[in-house]
Amino acid sequence: MKPSKFNILIPLKDKEEFIIYNTFTDSRVIVDNRIKEMIEKLPSSESSFSEVEKSYLKELLDLGIVLMDNVDEDLELEYWFQRFKFDSSVLDITVLTTYACNLSCTYCYENGINITSSMRDDICKWTILWIIKRLDTVRPRTVRLLFFGGEPLLNIKPLKFISEELYYACVRRGIGLEIRLITNGVLLTVDIVEYLKQFGLKGIKVTIDGNRETHNSKRPYKDGSGTFDTIIDNLSQIKGMVPITIGGNFDDQSKYSIPELLDRLKEYGFTNKEIEVIRFKPILTSFGNGCIENKVCTFSSVDPQDFLWLKDEIEKRGFATSGEIALGPCEAIKEFNYVIDPLGKVYKCAGFVGREEFIIADILEERSFTYRNTQFMTADLWHKCRGCPYIPICCGGCRVNSQALWGNILNSACEAEYLNKVILELIQHDPTDS
Numbered sequence: 001m002k003p004s005k006f007n008i009l010i011p012l013k014d015k016e017e018f019i020i021y022n023t024f025t026d027s028r029v030i031v032d033n034r035i036k037e038m039i040e041k042l043p044s045s046e047s048s049f050s051e052v053e054k055s056y057l058k059e060l061l062d063l064g065i066v067l068m069d070n071v072d073e074d075l076e077l078e079y080w081f082q083r084f085k086f087d088s089s090v091l092d093i094t095v096l097t098t099y100a101c102n103l104s105c106t107y108c109y110e111n112g113i114n115i116t117s118s119m120r121d122d123i124c125k126w127t128i129l130w131i132i133k134r135l136d137t138v139r140p141r142t143v144r145l146l147f148f149g150g151e152p153l154l155n156i157k158p159l160k161f162i163s164e165e166l167y168y169a170c171v172r173r174g175i176g177l178e179i180r181l182i183t184n185g186v187l188l189t190v191d192i193v194e195y196l197k198q199f200g201l202k203g204i205k206v207t208i209d210g211n212r213e214t215h216n217s218k219r220p221y222k223d224g225s226g227t228f229d230t231i232i233d234n235l236s237q238i239k240g241m242v243p244i245t246i247g248g249n250f251d252d253q254s255k256y257s258i259p260e261l262l263d264r265l266k267e268y269g270f271t272n273k274e275i276e277v278i279r280f281k282p283i284l285t286s287f288g289n290g291c292i293e294n295k296v297c298t299f300s301s302v303d304p305q306d307f308l309w310l311k312d313e314i315e316k317r318g319f320a321t322s323g324e325i326a327l328g329p330c331e332a333i334k335e336f337n338y339v340i341d342p343l344g345k346v347y348k349c350a351g352f353v354g355r356e357e358f359i360i361a362d363i364l365e366e367r368s369f370t371y372r373n374t375q376f377m378t379a380d381l382w383h384k385c386r387g388c389p390y391i392p393i394c395c396g397g398c399r400v401n402s403q404a405l406w407g408n409i410l411n412s413a414c415e416a417e418y419l420n421k422v423i424l425e426l427i428q429h430d431p432t433d434s
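Residue numbers (this note's numbering): 1 to 434.
Written as structure tokens, this is what we have:
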């Protein structure tokens, strides 16, 4: 037997015990110093272990923390990645109904994209035909349809048309449909939610960047007036109708206003029954701006204590937050993941929309730019990260971040620094949290 190369050893505070966390299997086990040393002695002859130690090894083998000598973890990892890349059980479609937006966010990731086009009726019809064709070629068990923008509710006609048409197309083929909506929240109404629910709406994500003052300074209307109260009122109107995700973005100044937002949500009667999850992430630079000094381009550029503090603030108020450590694999490397913009251009990731050099297909012209898709699908950046125990949960990082850092999607956006700092605290906080 031999230890896995993806084991992370984490000392428990104030105890002579350790957590072994395997990043490939997501197994976590608490061991004492004796078992730790036993693992470190591997590979050793099985006859050198007592019967009790052999029973421990059997349990560790089941968890993937130790392996048989003939197991090649590099091949196991390669197989896992290839299955992820070409999994056809789920077809992921993101549709931007418009590039237009009614807010003037200070950090807009679409900064530099001078397009305000909305999806026309003819493009909408061609888009649904393109998607339905993929139903018949991919034959997924589930379609996950996400509406995004710009602000998707500024152009609601294609949103309704695509939802309804795709719903009936999926029903006829025995395919499940899950619809989600990402919106800034200012146009969100009960009528919209009720309409989409009949076709499979499973959740709505709204971005709120802190308390009233902070949010209004970061995400105002075009005329500079605040949006916070409108969003909170709209969320109150749809409370309980559909699971809500609160997303938020922070920097070194705005993060301190987040606890006040959480308190405000509680005052409005929101609990973890109405709000499915709350997640905050640092404001990352868009690759249109490039990654320059004083810009945050990866999670490793952020103080990990920010994540841990915010996680604690969310949980102590009774809300749920993401306990996931993994940052990958990047959705852009999935063969059956598509982002369709209002002009009928197709991309691998919403972070690349509006950038002509990243178009992989054109629905109207019935053209495919196969070589661009091939770049994403064959990058296999984990090959450049051999020897790193974080490969299964970083996978070479985000392709958008890579473009921001290096001007090239084929270079890694390493997050080992972030994981080194955060993983210790997160797993010590709750060894069983996954």
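For each residue, glycine too, the CB sits at the ideal point set by N, CA and C.
| Item | Value |
| --- | --- |
| Per-residue DSSP class, three states only, for Phe81 | helix |
| Same chain, Cβ closer than 6 Å to Arg338, neighbours up to 5 away in sequence not counted | With the sequence shown as reference, residue 338 is identified as Tyr, and Arg is not the correct amino acid for it. Counting only Cβ-Cβ distances below 6 Å, and skipping sequence neighbours, we find Ile93 and Val346. |
| Neighbourhood of Phe228 by C-beta distance below 6 Å, restricted to the same chain and skipping five residues each side | Arg212, His215 and Asn216 |
| Where the beta strand (DSSP E) through Asn337 begins and ends | Asn337 to Ile340 |
| For Val95, the nearest candidate out of Leu75, Asn155, Phe86 and Ser104 (CA to CA) | Asn155 |
| Cβ distance (whole Å) where Leu308 is taken to contact Glu425 below 8 Å | 5 Å |
| Through-space distance from Ile20 to Leu343, alpha-carbon basis | 49 Å |
| Contact between the segment 114 to 128 and the segment 69 to 83 (3+ Cβ pairs under 8 Å) | no |
| Candidates Leu405, Gly240, Gln403 and Gly397: closest to Cys414 by CA position | Gly397 |
| Asp303 burial status per 10 Å Cβ neighbour count (16 or more: buried) | exposed |
| Where Ala332 falls: helix, strand or coil (DSSP) | helix |
| Enclosing alpha helix (DSSP H) for Pro304 [first to last residue] | Pro304 to Glu315 |
| Exposure of Tyr168, with buried meaning 16 or more beta-carbon neighbours within 10 Å | exposed |
| Within 8 Å, strictly: CB atoms of Thr245 and Glu194 | no |
| Endpoints, beta strand (DSSP E) assigned at Thr207 | Leu201 to Thr207 |
| Coil, strand or helix - Arg139 by DSSP | coil |
| Per-residue DSSP class, three states only, for Phe280 | strand |
| Residue environment, Ser412, which counts as buried when at least 16 other CB atoms sit within 10 Å | buried |
| For Thr183, the first and last residue of its enclosing alpha helix (DSSP H) | Where Thr183 is concerned, there is no enclosing alpha helix (DSSP H), although the beta strand (DSSP E) it sits in stretches over Gly176 to Thr183. |
| Nonlocal neighbours in the same chain, by C-beta distance under 6 Å from Ile292, ignoring five residues either side | Because the pLDDT at Ile292 is just 40, under 50, the model does not fix this residue reliably, and the value given afterwards should be weighed accordingly. Excluding positions up to five away in sequence, the list is empty. |
| Secondary structure of Ile292, DSSP reduced to three states | Since pLDDT at Ile292 reaches only 40, below the 50 mark, its modelled position is unreliable, and the value read off the structure follows with that caveat. Three-state result, Ile292: coil. |
| Neighbourhood of Met68 by C-beta distance below 7 Å, restricted to the same chain and skipping five residues each side | Met1 |
| Cβ-based burial, Tyr390 [other Cβ within 10 Å; buried from 16] | buried |
| Minimum Cβ-Cβ distance from Leu310 to chain C less than 8 Å | No chain C is part of this structure, which consists of one protein chain only. |
| Status (buried if at least 16 other CB within 10 Å, exposed otherwise) for Gly185 | buried |
| Status (buried if at least 16 other CB within 10 Å, exposed otherwise) for Ile179 | buried |
| N-terminal and C-terminal residue of the beta strand (DSSP E) that Asp92 is part of | Val90 to Leu96 |
| Presumed contact (8 Å Cβ cut-off) between Thr321 and Ile278, rounded CB distance | 5 Å |
| For Glu164, three-class secondary structure by DSSP | helix |
| Whether Ile363 touches Thr127 by CB criterion (8 Å) | yes |
| Under the three-state DSSP convention, the category Gly269 falls into | coil |
| Helix, strand or coil at Ala416 [DSSP, three-state] | helix |
| Glu151 beta carbon less than 8 Å from that of Thr98 | yes |
| Buried versus exposed, by CB contacts within 10 Å (16 or more), Ser50 | exposed |
| Arg134 versus Glu164: straight-line alpha-carbon distance, rounded | 17 Å |
| For Arg144, the residue or residues it bridges with in DSSP | Asp92 and Glu178 |
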